[in-house]
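Visitor: Questions regarding the structure given below will be posed in turn.
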Amino acid sequence: MKTVVIYNSQTGFTRRYAQWIAEAAGGVCLELSEAKRRDLSDCGAIVFGGWARAGGIAGLGWFKARMGQWEGKKLIVFCVGGSPMDSPDIEPALNRCFTEAERRKVDVFYCPGGFNYEKMPLASKLMMKLFIKTLKARKNQTEAEREMVKMISSSYDISDKKYIEPILSRLGPA
Ligand SMILES: Cc1cc2nc3c(=O)[nH]c(=O)nc-3n(C[C@H](O)[C@H](O)[C@H](O)COP(=O)(O)O)c2cc1C
C-alpha cells in the first residue's frame with residue numbers, strides 16, 4: 008500500500024514530523040504545493056500534516072475538499088502546534104475543525120512542535136506579537152495564561168519523534 012505524507016509547514020516543525028512519518032512508514036513525503044500537482048489516486052494511505060493556526064489547521068481546506076474523491080483510502084490528519092501535548096485546548100480545537108461525518112472518515116492526531124521566530128514570516132511574527140500583547144493586557148489573567156505568555160514569547164522546540172507512534176500504529180506495518 009503506497010503511503011504519501013503531505014505537509015504544510017511555515018517554520019519547519021510540521022515538515023520534520025512529515026519526514027519522520029514518511030521515513031518510518033516507507034512512504035513518500037511531499038510539500039502541499041507539490042502534492043497539488045500530483046495524482047494521488049494510486050495511494051492507499053494519505054497523511055496530511057498542517058501547522059496549528061489560531062485554533063485551525065493551515066492547509067486543511069485543501070485536504071477536506073478532496074476527501075470525497077478518496078473513498079476507500081486510509082486518511083490521517085496531524086496538526087503541529089506550539090501547545091504542549093497535555094494542553095486542554097487541543098481536543099476541542101481539533102473537534103471544531105471537522106464535522107462528525109468527516110471525523111468518521113479521517114483519524115486526527117496532534118504533535119507538539121514549538122515556536123521558531125527566526126524562521127517565521129513577518130506577518131505571523133506581528134500576529135503573535137499582537138496575541139501576546141492582548142493576553143498580557145487581560146485584567147484577570149489566569150496562571151495558565153501567564154505561563155503561556157512566558158512560553159510563547161521566545162523560540163522553543165518541544166517536538167519529539169515519539170509523538171509519531173500513534174500515527175504509525177494507525178498506518179500499520181510498512
Ligand atoms: C499566527 C499563528 C497562530 C498560531 N496559533 C496556534 C494555535 O492556535 N495553537 C497552537 O498550538 N499553536 C499555534 N501556533 C504555533 C504554531 O502552530 C507552531 O509554531 C508550529 O510548531 C508551527 O509549525 P511549522 O514549523 O510547521 O510552521 C500559531 C502560530 C502562529 C504564527
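My numbering puts the first residue of the sequence shown at 8, with every later residue one more than the last. Ideal Cβ positions, reconstructed from N, Cα and C, are used throughout, including at glycine.
Residue 165 by DSSP, collapsed to three states: which one?
Guide: What you label residue 165 is simply residue 158 of the sequence shown in a count that begins at 1. Three-state result, residue 165: coil.
Visitor: Answer with buried or exposed for residue 15, where buried requires no fewer than 16 other C-beta atoms within 10 angstroms of its C-beta.
Guide: For the purposes of this step, residue 15 is identified with residue 8 of the sequence shown, where counting begins at 1. Answer is buried; the Cβ neighbour count reaches 16.
Visitor: Please tell me whether, using a cut-off of 7 Å, the distance from the CB of residue 90 to the nearest non-hydrogen atom of ligand 1 is below it.
Guide: Residue mapping note: residue 90 aligns to position 83 of the sequence shown, counting from 1. Flag set: Cβ of residue 90 near ligand 1.
Visitor: What do you reckon, is the C-beta of residue 20 under 7 Å from a heavy atom of ligand 1?
Guide: Taking the first residue of the sequence shown as 1, we reach residue 20 at position 13. Yes, the Cβ of residue 20 comes within 7 Å of a heavy atom of ligand 1.
Visitor: Looking at C-beta atoms only, is the number of pairs between the segment 139 to 153 and the segment 108 to 126 that lie closer than 8 Å three or more?
Guide: no
Visitor: Beta carbon of residue 60: closer than 7 Å to some heavy atom of ligand 1?
Guide: By 1-based counting over the sequence shown, the position of residue 60 is 53. Yes; taking the cut-off as 7 Å, the Cβ of residue 60 has a heavy atom of ligand 1 nearer than that.
Visitor: So what does residue 128 bridge to, in DSSP terms?
Guide: One-based indexing of the sequence shown puts residue 128 at position 121. According to DSSP, which records beta bridges pairwise, residue 128 is partnered with nothing at all.
Visitor: Could you work out which residue in 53, 18 and 123 is closest to residue 80 when comparing CA atoms only?
Guide: Position 73 of the sequence shown holds residue 80. For the residues 53, 18 and 123, the minimum Cα distance to residue 80 belongs to 53.
Visitor: Return yes when the Cβ of residue 9 is within less than 8 Å of the Cβ of residue 49, no when it is not.
Guide: Walking along the sequence shown from the start, residue 49 turns up at place 42. Walking along the sequence shown from the start, residue 9 turns up at place 2. Taking 8 Å as the Cβ cut-off, residue 49 and residue 9 qualify as a contacting pair.
Visitor: Determine, using beta carbons only, whether residue 28 and residue 11 come nearer to each other than 8 Å.
Guide: As a working note, residue 28 is residue 21 in the sequence shown. As a working note, residue 11 is residue 4 in the sequence shown. Not a contact, by the Cβ cut-off of 8 Å.
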